[in-house]
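So the protein lines, in turn, are chains A and B.
Read in order, the letters of the first sequence are residues 1 to 717 in our numbering.
Read in order, the letters of the second sequence are residues 1001 to 1477 in our numbering.
The structure appears right after this line, and notes come after that.
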Amino acid sequence: MSTTVKALTRERSFALEAEKLLLGEGDEFHGEAILAVTKALLQAGVSYVGGYPGAPVSHLMDVLADARKTVLEPYGIHFEQSASEAGAAAMLGASINYPLRGAVTWKSIVGTNVASDALSNLSSAGVRGGAVIVIGEDYGEGASVIQERTHATAMKSSMPLIDPRYDMPTIVDLTEHAFELSEASNLPVLLSLRIRACHMTGSFKCRENQPAMRKRQNAPMEANYDYSKIVLPPSTYAQEKAKIEQRLPAARDYIKANGLNETFPGKGGRLGIIMQGGTHGVVLRSLARLGHADAFGNSDIALHVLNVIHPLVPEQITEFLADKDSVLIIEEGHPAFIEEQIRSIVQQAEMTCAIYGKNVIPSSGEYITPVVRAGIATYLNAVGDKTVAGKTKRLNNAIEKRVKTAAKSKPAQALPPRPPSFCTGCPERPIFTALKLIMRDRGPLHVSMDIGCSTFATLPPFNIGNTVLGYGLSLASSGAIAGSLDQPAIAVMGDGAFWHNGLTTGAINAQWQGMDAVLVILENGYASATGQQHVPSTGATPIGEPIQITIEQTLRGIGVKQIRYVDSYDVKDVRKALEEALDARGKGLRVIMSANECMLAKKRRGNAVKAKALKAGTPVRNARYGVDAEVCTGDHSCIRMNGCPSLTLKPTTDPLKDGPTAYVDDNCAACNLCGENAHAAQLCPSFYKARGIVNPSALQRWMTGVNAKMLKWIGAS
Amino acid sequence: MSAKTPICVQIAALGGQGGGVLAEWMAEAAHASGYPAQVTSIPGVAQRTGATTYYFEMFPDKNTVEKPVFCLFPDADGLDLMIAMEPMEAARALDLGLITERTTVLTAKSRIYSTAEKSVAGDGAFDTDTLFEALEGAARAVISLDMEDLTAKPGAPGNAVMFGAIAASGVLPFLDEDYHQAIRIKGVAVEPSLVDFASGLNHDQTPKETVSANDNMNLDPAPAALVKEIDGLPEGFRALAGHICSRLIDYQDEGYARSFLERMQPFVGASPELVAEIARRLGAWMTYEDVIRVAQLKTRPGRLARIRGEIGVDQDAPLSVIEFLKPGRDEFASLLPPAFGRKIMSGHDPSSTAGLRLKLPTTTVFGYGALKLLSKLRGWRPRTYRFELEQTAIDQWLGAVERALEVELDLAFRTAELAVMARGYGGVRSRGLEKLNILFRDWSRKLDDDHSALSAEVSTLLHQARHDPDRDCGKTD
Chain A
1 MSTTVKALTR ERSFALEAEK LLLGEGDEFH GEAILAVTKA LLQAGVSYVG GYPGAPVSHL
61 MDVLADARKT VLEPYGIHFE QSASEAGAAA MLGASINYPL RGAVTWKSIV GTNVASDALS
121 NLSSAGVRGG AVIVIGEDYG EGASVIQERT HATAMKSSMP LIDPRYDMPT IVDLTEHAFE
181 LSEASNLPVL LSLRIRACHM TGSFKCRENQ PAMRKRQNAP MEANYDYSKI VLPPSTYAQE
241 KAKIEQRLPA ARDYIKANGL NETFPGKGGR LGIIMQGGTH GVVLRSLARL GHADAFGNSD
301 IALHVLNVIH PLVPEQITEF LADKDSVLII EEGHPAFIEE QIRSIVQQAE MTCAIYGKNV
361 IPSSGEYITP VVRAGIATYL NAVGDKTVAG KTKRLNNAIE KRVKTAAKSK PAQALPPRPP
421 SFCTGCPERP IFTALKLIMR DRGPLHVSMD IGCSTFATLP PFNIGNTVLG YGLSLASSGA
481 IAGSLDQPAI AVMGDGAFWH NGLTTGAINA QWQGMDAVLV ILENGYASAT GQQHVPSTGA
541 TPIGEPIQIT IEQTLRGIGV KQIRYVDSYD VKDVRKALEE ALDARGKGLR VIMSANECML
601 AKKRRGNAVK AKALKAGTPV RNARYGVDAE VCTGDHSCIR MNGCPSLTLK PTTDPLKDGP
661 TAYVDDNCAA CNLCGENAHA AQLCPSFYKA RGIVNPSALQ RWMTGVNAKM LKWIGAS
Chain B
1001 MSAKTPICVQ IAALGGQGGG VLAEWMAEAA HASGYPAQVT SIPGVAQRTG ATTYYFEMFP
1061 DKNTVEKPVF CLFPDADGLD LMIAMEPMEA ARALDLGLIT ERTTVLTAKS RIYSTAEKSV
1121 AGDGAFDTDT LFEALEGAAR AVISLDMEDL TAKPGAPGNA VMFGAIAASG VLPFLDEDYH
1181 QAIRIKGVAV EPSLVDFASG LNHDQTPKET VSANDNMNLD PAPAALVKEI DGLPEGFRAL
1241 AGHICSRLID YQDEGYARSF LERMQPFVGA SPELVAEIAR RLGAWMTYED VIRVAQLKTR
1301 PGRLARIRGE IGVDQDAPLS VIEFLKPGRD EFASLLPPAF GRKIMSGHDP SSTAGLRLKL
1361 PTTTVFGYGA LKLLSKLRGW RPRTYRFELE QTAIDQWLGA VERALEVELD LAFRTAELAV
1421 MARGYGGVRS RGLEKLNILF RDWSRKLDDD HSALSAEVST LLHQARHDPD RDCGKTD
């Protein structure tokens, strides 16, 4: 069986946001920082924008993808939703030979890792037009990736890294400066925003948007050949030399000349704090709570704010430290590159300044206010004079005391965690129900997981999945282990993962090498985890025009024969398909595909239609599952097989019941998994599916009446 | 230097609860009325049910000359207002040290259980009283809202109600007009939101008692026929006994109810807790759910009307209800006389998941009629194979409890609790019964030989039944 191409489109519009991008000279922009950065790109006159969606920067692309008519075409901007971060970084190649400004975006560190090959080559060749990479630093609370920082990449490839102070006008100015800085130093520039910064709201005075180069100049450009831009010896040697001798110095000069880093002298004194721009707010709040600053950022203690954390400008550091006995360095993450560089700057300048940093603030974890406040308090207690130390101690102790008092009434029992999970009615969930059932009969299976919604199968109630190695890498990561296991290994990937990397690294390689593997592809139509962005097999382009690219055609094209479609909600069939694939050990690549659409997107579309029909008074189908509380014995094995948010508990009023009974709430999407499980897992008969029609037609009412009479006759009501 | 500090507000919600819109309303209210403010969020990924956090700061003076420096994170002891669309998320903030004597807590009253709580066999739900006591102990004030009552449209997110409650709390300096303005500017579901805002604004904010699960048990009155016998029981036991007797009459007949009272006889003198525990378990076991009982419950008058309510279709609108049944050899045999039943089941695993995958429409004369007929077999039940099996198992268990009681009260109590293993259907149940059978075989001897070893065994079984019920459902152990 094979599916016809679906032409899906998100039922979401970013028209309102797009309007803000058109604000003119002097208008006040009010909104989210990531949108402000998008506006800044237009003010800088970008010729092209690309990237790969990922929280927290997806919004930048979502808005532009929706604004073709209003923004992209009028300003002559080329827009791509790149195939991967590597593809996005490669787009910046346009700025190597030509004076075109361009920007790309992705989630870091993972996206930067994927892009790093192109980034190395780009920064080695050097750029003529400003090339800016807007990265969403997915670090700390709410992060969905490994905890590493982008700083190391910036340093090894000599890319300036901007970590702006979180003040809207500052963020916008620095975004525009990023292009100038890139052109002044011929280096691509990274602009890093943390998760909360991307989503913070604020205002700034707009500047006029600049049209793209191709709009500005009349004649199209002529192709430019320049061997010095090619990354082959001897050019590469010259390029490395240029980085050290021209580009980085030029970057430092630009940073100094344009005051990108900021110094706040405070009330002088012999203490000081040097911080990453992104930590400015936390530092000021901490100082305020310790009595050394007011709510408006006026600090008694001298501050040096590094809005550019790479490269550092030694003169600025030595100048700031000239009259200091000690300094505290606030640098989030590990390794402590800034602290180590400052130590060497101080040593080379033969200064005597005690340097505090990771010795008073932890090397790991997000720099939230309690952490930074504690660190600053330790520093001020250690180096401050009587009054400074005294005040610090008094106020900090008062805070800690109130926290301790409150902590006394904390529940003794640990709070149940609430990790994200599959949405109500998710088409991916039943696949893992089937896998759980199979494992009960056949014992544990090695399942290599991928990046995307399906990763949540590794959490309760499924606890399925042994490794996650990266986007599109699930199949590749099962190759070496499969042969050593008592049962075949299974690799799971979503359609997003398949197109990002899974096709080449996984499917093609497995097919080419005759690898013995079971690959489960969950094709829900979108990159759902990041907000239903389109993928090549969605059936529509990034900007919503229909196009036909299917995973099945692609797999057949590379010679995969064993492709089996399943309706993921049919647990019995999914189980059968999986077991057949497992039993076909040694028979090459077996692919099982589910093509059920992401329930969030499906519902969003359905609800719109429903609402219209209800208004119009035309018939609307309502369906949901239910549980007969009287029948439920409170064993909850249905929940352990399912995990759907809408399948929950209801306190019982029957003293004979052992605890709360299962209950299906109003969000039920009637996806049928509960019913399927009642059969497939031999659960209890408490479940029922109810379907009804609101605003029925006259005929439907009449037939209902007849049926009702007959039912009444045998005692039903 | 100005001594004033920003007002700090954290909003905790679950994906899909409208926390984002609530945060934006607050930002709009501040923006529209000239207060400097900033909001940020950790919306999480697109998935629902994960915890999502929004953080809002505003300065208490309008249109300040200097711009306040806002922070993206709350400090410990740093919240003036904690808003939780789900109370466990408020407790989480307390756990992080964010809630102290300076914090007013606004929280929805009803829980949305986490997977961890839902998965436990039996009652794994975190105790609501404990949760609210913790908050009340730590915070300046705790105001809990009954969203179900306060939202005009059933199933509405409740964020507008919460917005109204924020206005009522008076922690923020806005005028009611600013709040209305914010809802209009944001333009999301304006009219319904204004209605819910009003009910949140005007609701009675005096902290109410939260009802915990065990306070509201419904006990059916004792059946007339057995009033005399029941009055003869210890005072504290009568209500429960009455409830169980009327349940047993509904399940089978008066004679069956009397047999319950007889079975309780040896215990009525024991501690009230033990008596109640045994009675509850015995009542539950004696009303074991066989095909006949399920058919009876699924054809209860009024059930279809209840379901119409659930999906919001009125009496004369089409309704179809599908039951998911999977009768196997076991269910068939359970209806036959013992001799035949034994024959049919001999050499067959009662926990086999093989069976007829029935999707029975109880909204058709055929489907409903079929179940109605099955339910009529009630009178035949005492002659069935299954009935014999269950009664033997029950008496075996009661015998074990009685013997245990001679040795140690606590052991007797836990032995009584063991009846939990006779829970569930199909495989789950038959495996449980098999385990009990093995445990209770020569129970007396084990009890005399080494009752502490036996006691340990009982505890292990109980723990597994509650916390790891799937452990032996296959090769996974």
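Just so you know, even glycine gets a beta-carbon here, dropped at the ideal spot from N, CA and C.
Since this is a predicted model, take the numbers as computed values, not measurements.
When Cβ pairs closer than 8 Å are counted between the two stretches, the stretch 224 to 243 of chain A is seen not to touch the stretch 251 to 264 of chain A, the count staying below three. Residue pairing by DSSP places A/Arg194 opposite A/Glu137 in a beta bridge.
The C-beta of A/Asn121 comes no closer than 9 Å to any C-beta of chain B. Residue nearest to A/Ile342 within the set A/Ser364, A/Pro362, A/Glu315, A/Gly365 is A/Glu315 (criterion: CA-CA distance).
DSSP, read as helix, strand or coil, puts A/Gln487 in coil.
One alpha carbon belongs to A/Lys107, the other to B/Ala1412, and they sit about 60 Å apart. Cβ-Cβ distances below 6 Å link B/Thr1363 to Leu1319, Ser1320, Val1321 in the same chain, with the five nearest sequence neighbours on each side left out; the list follows chain order. Partner residues in a beta bridge of A/Ala389, as assigned by DSSP, do not exist.
Excluding five sequence positions before and after B/Arg1263, the CB atoms of its chain that fall closer than 7 Å to its own CB belong to Leu1282, Leu1398, given in chain order.
For B/Arg1357, the chain A residues whose C-beta falls within less than 7 Å of its own C-beta are His679, listed in chain order. Exclusion of the five residues before and after A/Leu312 leaves Gln341 as the residues of its chain whose Cβ lies within less than 6 Å of its Cβ. Rounded to whole angstroms, B/Phe1324 and B/Ser1144 show a C-alpha spacing of 39 Å. Distance from the Cα of A/Asp385 is smallest, within the candidate group A/Asn677, A/Leu271, A/Ala302, for A/Leu271. Annotation: the continuous beta strand (DSSP E) that includes A/Gly692 extends over 687 to 694. According to the DSSP assignment, A/Arg564 belongs to no alpha helix (DSSP H) but to the beta strand (DSSP E) extending over 562 to 566. One finds Lys410, Leu415 in chain A with Cβ atoms closer than 8 Å to the Cβ of B/Asp1095, taken in chain order. In the three-state DSSP reduction, A/Leu522 falls in the strand class (E or B).
Comparing alpha carbon positions, the residue from A/Gly140, A/Phe179, A/Asn97, A/Val145 closest to A/Ala40 is A/Phe179. With respect to the 9 Å criterion, A/Ala295 and B/Phe1059 are classified as neighbours on the basis of their beta carbons.
Following the DSSP letters along the chain, one finds B/Arg1303 inside the alpha helix (DSSP H) bounded by residues 1303 to 1311. B/His1203 and B/Ala1165 have their alpha carbons spaced roughly 8 Å apart.
Per DSSP, reduced to three states, the secondary structure at A/Val49 is strand. Contact between B/Pro1338 and B/Glu1388 holds: their C-beta atoms lie close to 5 Å from each other, under 8 Å. Excluding five sequence positions before and after B/Gln1010, the CB atoms of its chain that fall closer than 8 Å to its own CB belong to Thr1053, Tyr1054, Tyr1055, Phe1056, Pro1074, Leu1079, Leu1081, Met1082, Ile1083, Ala1093, Leu1098, given in chain order.
Non-local C-beta neighbours of A/Ile547 in its own chain, meaning closer than 6 Å and more than five positions away in sequence, comprise Thr541, ordered along the chain. Cβ-Cβ separation between A/Val37 and A/Leu60: approximately 7 Å, consistent with a contact (criterion under 8 Å). Taking 8 Å as the upper bound for CB-CB distance, A/Glu339 and A/Ile329 are in contact here, some 5 Å apart. A/Ala482 has its alpha-carbon roughly 54 Å from the corresponding atom of A/Pro169. Around the C-beta of A/Trp713, fewer than 16 other C-beta atoms lie within 10 Å, and the residue is accordingly described as exposed. The Cβ atoms of B/Pro1221 and B/Ser1246 lie closer than 9 Å to each other.
At least one CB atom of chain A sits nearer than 9 Å to the CB of B/Gln1315.
Within the same chain, Cβ atoms closer than 7 Å to the Cβ of B/Ala1134 are found at Ala1091, Leu1094, the five residues on either side in sequence being excluded. Our two residues, B/Ala1125 and A/Cys423, have alpha carbons roughly 21 Å apart in a direct line.
Within the stretch 1207 to 1266 of chain B, the alpha helix (DSSP H) runs of at least 4 residues that lie entirely inside it are, in chain order, 1227 to 1231, 1235 to 1251, 1254 to 1264.
Against chain B, the beta carbon of A/Asn622 has neighbours under 8 Å at Ile1311, Gly1312, Val1313, listed in chain order. Taking the beta carbon of A/Arg605 as reference, no residue of chain B falls within 9 Å; the closest one sits roughly 15 Å away.
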